[in-house]
C-alpha cells in the first residue's frame, strides 16, 4: 500500500514481558504498521484491515481480533469501523479496542510470512 513504510509482526496486549510464539503467555499476535499520514490515512488502513479480516468468531487471547490505538482520533476511527462491521446486525463482531501497549517484535520466520510462503511455492523452471 502506498504510504505504508513498514509492517512488523509481533506480540502486544499482555502484561508478561518478552512473549514468543512458543511462549506467548497473555499476549496477542499483532502487527504494527508504520505509515505516512500525508500519503495514506489511518482510516484507509482500517478499511484494508476490515477487507482482509473476519472478526465474527470469538478467539482465545493469542488469536483474538483487536485494534490497538495511539490517540483518541485513532480510537474513534477504529470504533466507527468496528461498528460498521456489525451494522447489518446479522453477526456479532468480536474486536477488542485497546490503547497501544509495549510491542515485541516476532520471530524472523513470522516477518513477511505470506511472501515467504508464496516464494516457497513458486515454480522453478
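In this note's numbering, the protein residues as written are -12 to 112. Where is the CB? At the ideal position from N, CA and C, for every residue including glycine. Being a predicted model, the structure only gives us computed values, none of them experimental.
Item to check | From 84, -3, 2, residue whose alpha carbon lies closest to that of residue 52 | outcome: Residue numbering aside, residue 52 sits at position 65 when the chain shown is read from its first letter. That would be 84, whose Cα lies nearest to the Cα of residue 52.
Item to check | Residue interval of the beta strand (DSSP E) (run including residue 17) | outcome: In the chain shown, counting from the first residue as 1, residue 17 sits at position 30. It spans 15 to 22 - the beta strand (DSSP E) in which residue 17 sits, taken as one unbroken run.
Checklist entry - In this structure, does DSSP put residue 51 in helix, strand or coil? => result The residue you call residue 51 lines up with position 64 of the chain shown. Residue state for residue 51 is assigned as coil, using DSSP reduced to three classes.
Checklist entry - So, do the segment 37 to 45 and the segment 9 to 21 have three or more beta carbon pairs nearer to each other than 8 angstroms? => result No, because fewer than three Cβ pairs between the segment 37 to 45 and the segment 9 to 21 fall closer than 8 angstroms, the two stretches do not touch.
Checklist entry - With DSSP run on the structure shown, which of helix, strand or coil describes residue 65? => result Taking the first residue of the chain shown as position 1, residue 65 is located at position 78. Reduced to three states, the DSSP call for residue 65 is helix.
Checklist entry - Going by beta carbon distance, what residues of the same chain come within less than 7 angstroms of residue -12, once the five residues before and after it are set aside? => result Locating residue -12 in the chain shown gives position 1, counting from the first residue. Excluding residues within five positions, the ones whose Cβ falls inside 7 angstroms are 27, 35.
Checklist entry - With a Cβ-Cβ cutoff of 8 angstroms, do residue 89 and residue -1 count as a contact? => result Here residue 89 is taken as the residue at index 102 of the chain shown, counted from 1. Here residue -1 is taken as the residue at index 12 of the chain shown, counted from 1. Yes, they are a contact pair.
Next on the checklist: If distances are taken between C-alpha atoms only, which option among 33, 72, 65, 2 comes closest to residue 42?
Outcome noted: The residue labelled residue 42 in the question sits at position 55 within the chain shown. Answer by Cα proximity: 72.
Item to check | Presumed contact (8 angstroms Cβ cut-off) between residue 1 and residue 12, rounded CB distance | outcome: What you label residue 1 is simply residue 14 of the chain shown in a count that begins at 1. What you label residue 12 is simply residue 25 of the chain shown in a count that begins at 1. Contact between residue 1 and residue 12 holds: CB atoms are separated by about 6 angstroms, below the 8 angstroms threshold.
Checklist entry - Who does residue 122 pair with in a DSSP beta bridge? => result Because the chain is modelled from -12 through 112, residue 122 falls outside the range shown and cannot be assessed.
Next on the checklist: Here's a check: name, in chain order, each residue in its chain whose Cβ is nearer than 8 angstroms to the Cβ of residue 75, leaving out the five neighbours to either side.
Outcome noted: Taking the first residue of the chain shown as position 1, residue 75 is located at position 88. Same-chain partners within the cutoff: there are none.
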